[in-house]
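Undergrad:
Numbering (our numbering), first residue to last: 38 to 703.
(1) Find the nearest neighbour of residue 266 within the set 391, 190, 214, judged by alpha-carbon distance.
(2) Less than 8 Å between the beta carbons of residue 676 and residue 348, yes or no?
(3) Between which two residues does the alpha helix (DSSP H) carrying residue 464 extend?
(4) Comparing C-alpha positions only, which one of 423, 167, 183, 179 sits nearest to residue 204?
(5) Between the Cα of residue 217 and the Cα atoms of 210, 227, 209, which residue gives the shortest distance?
(6) When the Cα of residue 379 is compared with those of 498, 231, 489, 305, which residue comes out closest?
(7) For a test of the three-state rule: what should DSSP assign to residue 508, helix, strand or coil?
(8) Looking only at DSSP bridge pairs, what is residue 627 linked to?
(9) Under 8 Å Cβ to Cβ from residue 533, same chain only, skipping five residues before and after it: list those, please.
(10) Is the beta carbon of residue 297 sitting closer than 8 Å to the one on residue 283?
(11) With DSSP as the reference, label residue 634 as helix, strand or coil.
(12) Would you grab the beta carbon distance between residue 143 and residue 83 for me? Rounded to a whole angstrom, and I think it's under 8 Å.
(13) DSSP on residue 545, reduced to helix/strand/coil?
(14) Could you please give the first and the last residue of the uninterrupted beta strand (DSSP E) stretch that includes residue 450?
(15) Tell me, please, whether the stretch 587 to 605 touches the stretch 316 to 324 by the rule of three or more beta-carbon pairs shorter than 8 Å.
(16) Select from 540, 147, 224, 264 the residue whose C-alpha is nearest the C-alpha of residue 178.
(17) Helix, strand or coil for residue 363? Go by DSSP, reduced to three states.
(18) Whole angstroms are fine: how far does the CA of residue 407 sit from the CA of residue 223?
(19) Pick out whichever of 96, 118, 89 has its Cα sitting closest to the Cα of residue 107.
(20) Rounded C-beta distance between residue 365 and residue 413? I'm assuming under 8 Å.
(21) Along the chain, where does the beta strand (DSSP E) that runs through residue 420 open and close?
(22) Residue 559 by DSSP, collapsed to three states: which one?
(23) Tell me the DSSP secondary structure of residue 673 in three-state form.
(24) By how many angstroms is the C-alpha of residue 656 removed from the C-alpha of residue 570?
(25) Spatial neighbours of residue 682 within its chain, please: CB distance less than 8 Å, with the 5 preceding and 5 following residues excluded, ordered by chain position.
(26) Let's see if you can read the secondary structure: which residues bound the alpha helix (DSSP H) around residue 251?
(27) Can you tell me where the beta strand (DSSP E) with residue 168 in it begins and where it stops?
(28) Helix, strand or coil: how does DSSP classify residue 228 here?
(29) Could you spell out where the beta strand (DSSP E) holding residue 215 opens and where it closes?
(30) What separation, rounded to the nearest whole angstrom, lies between the Cα atoms of residue 619 and residue 627?
(31) Tell me where the beta strand (DSSP E) around residue 447 begins and ends.
(32) What residue range does the alpha helix (DSSP H) around residue 408 cover?
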């Protein structure tokens, strides 16, 4: 093992002793069934592991992995059919030049600690395994005081970069820090947050944000070229955080591929940064193997609480603070997997949105509150989805709102739809533009995990006869003025499908607007229960359960028995799950959202009854459940009653400690 004779790396005999000791320790694991990496039609999904310091002994560094554990992990992967690949292999697979081998794994190391030079690179060189090293150039110039271990020097970097098995990547120049990103003193990651200036009470503009990111990456690449002798084309985002704007600027600055952090396997053909699995708290070999067998996937069972931000807002800042504290404490104790958080104001409960809780070009801001609450929940490990209207917004210009509204045609003639949801027509290009701008404003303001669409994304059989839709109607009916009632069954089917497509197309445009700033965002489409229970309901709602399963990450079925006038609620709940189970991915991708409040009787559903419904759904095979509404102030529903069904625990190996959310050295 000639390559191991490096400064501070120990002797050959010591290295062999460590390796042989560990090989004996894991001998009993050699007959274990190998974990199967999931595949896509384009090839196997890639496991990318993210390491930091690899010392002899881990003391207080939560991201350190000791040498014995590291060697054991490499040996397990080697002896169980994993194939080690480098950045060149990943790029070749992405570009269609050469597919990845079965069960591919990539090793990456962040921050350029000295142990990579003295231990990791010599060891991997002996194995013949490639690796990628992410370098923070400003740290190479002057290391921060609080780093857990010593960094490499520029000379060391040049030496390891000479190894053909090593690829050097930029870990940015100076984006490893937090910035103020709202008026409440909350901080966010510099690479993914638009900064807030308290002196001017303004947010950083998009152009300024772009210039800041481009300047940093350009500086990093220049230093790595001049002092490290490498022309880097790969970027490792600090904290794994980035957005679509940052990705655009990275490409402009010469970056060809980028990496983030997320506990999933990577699809090299997917757009955006490739996710890496961060190893924390020096996992044992048993935990490491357990994680591999689960493919590092996120929990398969979702527990969702939908929350009205109107119940947090108060004109009195002190009372609002108390309301927020109560909500955060309640959700932290409950530990749901995600919260669907209202991003708009709707005091009257109509679903017609005239104001929002974030700065917007389209609607007035009632209060700059959404950002603050998202921050308070996310730093405690709770995913937050922005609960947003799909169509029902009321513009400040009432004439413009009326001009863009969905139109209805029946025996009384044609007019603006008088349905309770005052929706904009999904066929109108101006509607789409306004809604896209609204979603973009929301996404750039808060670090959300996704979006849950309000249940206003529907069109009934007598809608939409907006001027922008008549051209499509004419293609089907033969003329603009043919009454819907006179269409043949084939024509009605075609018009229903066209309305459904218009709604789906709009949602796709909205998702693209969100991904501009939140490229990893997931999306949940809310459907009415009859869409699942009655095959003919697509005509009434222009919603397709099967189509939604293909288009969205989650389909939220409103399991609201009292809203649907269901007398015998228990069998109805069972029926919902059994029907969903008949569809591919039906149970995996459907969240059954229960009503915790009876709006017709104007009273809360008893907590024990809600608990019984949850148990019925799960006993029938439902994987994902949730409820709405939730009142942290009055403890509705009762926390201790529903907690056993609503609490979920994070995956043990990849869970990041709460304090790390603001840790600048990751």
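C-beta: ideal position from N, C-alpha, C; glycine also.
TA: Let me lay it out:
(1) Working through the chain shown from its first residue, we reach residue 266 at position 229. The option with the nearest alpha carbon to residue 266 is 190.
(2) For the purposes of this step, residue 676 is taken as the residue at position 639 of the chain shown. For the purposes of this step, residue 348 is taken as the residue at position 311 of the chain shown. No; because the gap between Cβ atoms is not below 8 Å, this pair is not in contact.
(3) In the chain shown, the residue the question calls residue 464 occupies position 427. Premise fails: residue 464 is in no alpha helix (DSSP H) and is neither H nor E.
(4) Taking the chain shown and counting its residues from 1, one reaches residue 204 at position 167. Selected option, being the one with the closest Cα: 167.
(5) Counting from 1 along the chain shown, the entry for residue 217 is found at position 180. Comparing Cα-Cα distances from residue 217 to each of 210, 227, 209, the minimum goes to 227.
(6) Taking the first residue of the chain shown as 1, we reach residue 379 at position 342. Ranking 498, 231, 489, 305 by Cα distance to residue 379 puts 489 first.
(7) For this step, residue 508 is matched to residue 471 along the chain shown. Residue state, collapsed to three classes: helix.
(8) Reading the chain shown from its first residue, position 590 is the one you call residue 627. Its beta-bridge partners are 592.
(9) Here residue 533 is taken as the residue at index 496 of the chain shown, counted from 1. 498, 575, 576, 579.
(10) Here residue 297 corresponds to residue number 260 of the chain shown, with the count starting at 1. Here residue 283 corresponds to residue number 246 of the chain shown, with the count starting at 1. Against a cut-off of 8 Å, the Cβ pair of residue 283 and residue 297 comes out as no contact.
(11) Position 597 of the chain shown, counted from the start, is the residue given in the question as residue 634. Note: residue 634 maps to strand in three-state DSSP.
(12) On the chain shown, residue 143 is found 106 positions in, with the first residue counted as 1. On the chain shown, residue 83 is found 46 positions in, with the first residue counted as 1. Right, the Cβ-Cβ distance comes to about 6 Å (below 8 Å), so this counts as a contact.
(13) What you label residue 545 is simply residue 508 of the chain shown in a count that begins at 1. Looking at residue 545 - three-state DSSP - the assignment turns out to be helix.
(14) For the purposes of this step, residue 450 is taken as residue 413 along the chain shown, with counting starting at 1. 450 to 453 is the span of the beta strand (DSSP E), which, as asked, contains residue 450.
(15) no
(16) As a working note, residue 178 is residue 141 in the chain shown. Minimum Cα distance to residue 178 is reached at 264.
(17) Counting from one through the chain shown, the residue named residue 363 turns up at place 326. DSSP places residue 363 in helix when its eight states are reduced to three.
(18) On the chain shown, position 186 is the one that residue 223 refers to. On the chain shown, position 370 is the one that residue 407 refers to. Cα-Cα distance, rounded: 12 Å.
(19) By 1-based counting over the chain shown, the position of residue 107 is 70. The candidate whose alpha carbon is nearest that of residue 107 is 89.
(20) Counting from 1 along the chain shown, the entry for residue 365 is found at position 328. Counting from 1 along the chain shown, the entry for residue 413 is found at position 376. At roughly 5 Å, the Cβ-Cβ gap stays under 8 Å, so residue 365 and residue 413 are in contact.
(21) As a first step, residue 420 must be located in the chain shown, where it is residue number 383. Start and end: 420 to 425.
(22) By one-based count along the chain shown, residue 559 stands at place 522. In this structure, residue 559 counts as strand in the three-state DSSP scheme.
(23) Taking the first residue of the chain shown as 1, we reach residue 673 at position 636. Looking at residue 673 - three-state DSSP - the assignment turns out to be strand.
(24) Here residue 570 refers to the residue found at position 533 when the chain shown is read from its first residue. Here residue 656 refers to the residue found at position 619 when the chain shown is read from its first residue. The straight-line gap from Cα to Cα measures roughly 19 Å.
(25) As a first step, residue 682 is located in the chain shown; it is residue number 645 there, counting from the start. Correct list, in chain order: 340, 648, 651, 652, 655, 662.
(26) For the purposes of this step, residue 251 is taken as residue 214 along the chain shown, with counting starting at 1. Counting along the chain, the alpha helix (DSSP H) containing residue 251 begins and ends at 243 to 265.
(27) Here residue 168 corresponds to residue number 131 of the chain shown, with the count starting at 1. Its beta strand (DSSP E) spans residues 168 to 172.
(28) Taking the first residue of the chain shown as 1, we reach residue 228 at position 191. Here residue 228 sits in coil by DSSP.
(29) Sequence index remark: in the chain shown, residue 215 carries index 178 (1-based). Start and end: 215 to 217.
(30) Your numbering for residue 619 matches position 582 in the chain shown. Your numbering for residue 627 matches position 590 in the chain shown. Cα to Cα, the separation comes out at about 12 Å.
(31) Sequence index remark: in the chain shown, residue 447 carries index 410 (1-based). Here the beta strand (DSSP E) through residue 447 covers 444 to 447.
(32) Walking along the chain shown from the start, residue 408 turns up at place 371. Residue 408 -> alpha helix (DSSP H) spans 407 to 415.
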